[in-house]
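Structure record follows, encoded as structure tokens.
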Amino acid sequence: GNSVTQMEGPVTLSEEAFLTINCTYTATGYPSLFWYVQYPGEGLQLLLKATKADDKGSNKGFEATYRKETTSFHLEKGSVQVSDSAVYFCALFPNTGNQFYFGTGTSLTVIP
Amino acid sequence: GAVVSQHPSRVICKSGTSVKIECRSLDFQATTMFWYRQFPKQSLMLMATSNEGSKATYEQGVEKDKFLINHASLTLSTLTVTSAHPEDSSFYICSAREGGMGNQPQHFGDGTRLSIL
Numbered sequence: 463g464n465s466v467t468q469m470e471g472p473v474t475l476s477e478e479a480f481l482t483i484n485c486t487y488t489a490t491g492y493p494s495l496f497w498y499v500q501y502p503g504e505g506l507q508l509l510l511k512a513t514k515a516d517d518k519g520s521n522k523g524f525e526a527t528y529r530k531e532t533t534s535f536h537l538e539k540g541s542v543q544v545s546d547s548a549v550y551f552c553a554l555f556p557n558t559g560n561q562f563y564f565g566t567g568t569s570l571t572v573i574p
Numbered sequence: 461g462a463v464v465s466q467h468p469s470r471v472i473c474k475s476g477t478s479v480k481i482e483c484r485s486l487d488f489q490a491t492t493m494f495w496y497r498q499f500p501k502q503s504l505m506l507m508a509t510s511n512e513g514s515k516a517t518y519e520q521g522v523e524k525d526k527f528l529i530n531h532a533s534l535t536l537s538t539l540t541v542t543s544a545h546p547e548d549s550s551f552y553i554c555s556a557r558e559g560g561m562g563n564q565p566q567h568f569g570d571g572t573r574l575s576i577l
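Top to bottom, those sequences are chains A and R.
Note that the numbering used here numbers the first sequence so that position 19 is 481, with each residue one more than the last.
Note that the numbering used here numbers the second sequence so that position 66 is 526, with each residue one more than the last.
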């Protein structure tokens, strides 16, 4: 079946620290992988995506590489800001199917 | 970019009330819309898939008579929580898929915080 396992939070970092949020998946076939971000009181926004193995998605300083050999899609950012404080969801969309599968979300708080 | 508008953003009402939540795609046609529910500190759970002009497809365990979905046009889907009770309190989020490809990213609304007293 399809599932996403995501690093549990909450994560608290100081400003300019390095961020890694781990995400691994189980899927049949070759899914597309996504990271969504949910700022306080708002809905989900697409942060980045990768549609095939070895693709790297990037946006706003965040990066994630689709690793088929380790079935992972870890989110990284070299220097976090207070404005990055949010909940981050890893998700997959199977190449055959009609729905997203989300991880449980990781809450990130960045302190000045 | 594509925008999905969800209304209302917050509802507080008494037990037994029915609540309607609207989800609109503002600048694209959405043949398919999705309704998710998010419990505190948990992930989004798909409740149902809404297809324009046909009956919604509900996920296992979701009561179709409790959560009525209507997708009357290519830009509007509604979720009605009938006779809501405190256990229905949750964060409900809709999303709409642009285009016909199955792997197009879904665009999400800002969500509706439903609190039943």
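Cβ atoms here follow ideal geometry from the backbone N, Cα and C, with glycine treated the same way.
| Check | Outcome |
| --- | --- |
| Other residues of its chain near T492(R): CB distance less than 8 Å, five sequence neighbours each side excluded | T509, S510, N511, E512, A556 and R557 |
| Stretch pair the stretch 565 to 573 of chain A + the stretch 478 to 489 of chain R: three plus CB contacts closer than 8 Å | no |
| Residues of the stretch 483 to 506 of chain R whose Cβ lies closer than 9 Å to any Cβ of chain A, in chain order | T492, F494, Y496, Q498, K501, Q502, S503, L504, M505 and L506 |
| K480(R) - partner residues in DSSP beta bridges | T540(R) |
| Chain-ordered chain R contacts of V562(A) [CB-CB under 7 Å] | Per the sequence presented here, residue 562(A) reads as Phe, with Val not at that position. Under the 7 Å cutoff, chain R gives Q566. |
| Partners in chain R for F551(A), counting only beta-carbon separations shorter than 9 Å | S503 and L504 |
| Given S494(A) as reference, the closest of Y528(A), L481(A) and D546(A) once Cα atoms are compared | Y528(A) |
| Per-residue contacts from I553(R) into chain A (C-beta, under 7 Å) | G505 and L506 |
| For N484(A) and T532(A), the rounded distance between their alpha carbons | 12 Å |
| Own chain, CB closer than 6 Å to P546(R), minus 5 neighbours either side, in chain order | I576 |
| 8 Å Cβ cutoff, G491(A) in contact with chain R | no |
| CB of L534(R) within 8 Å of CB of F564(A), strictly | no |
| Residues near K578(R) in its chain [Cβ-Cβ closer than 6 Å; skip 5 each side] | Residue numbering for chain R in the displayed model covers 461 to 577; residue 578(R) lies beyond these limits and cannot be assessed. |
| Euclidean distance between Cα positions of T558(A) and G491(A) | 8 Å |
| Terminal residues of the beta strand (DSSP E) in which T571(A) lies | T568 to I573 |
| Own chain residues within Cβ distance below 7 Å of E504(A), not counting five before or after | none |
| Chain A residues whose Cβ lies nearer than 7 Å to that of Q520(R) | Those within 7 Å of Q520(R) in chain A number zero; the least Cβ separation is about 12 Å. |
| Where the beta strand (DSSP E) through T572(R) begins and ends | T572 to I576 |
| Enclosing beta strand (DSSP E) for F524(A) [first to last residue] | F524 to T527 |
| CB contact below 8 Å: T566(A) versus chain R | yes |
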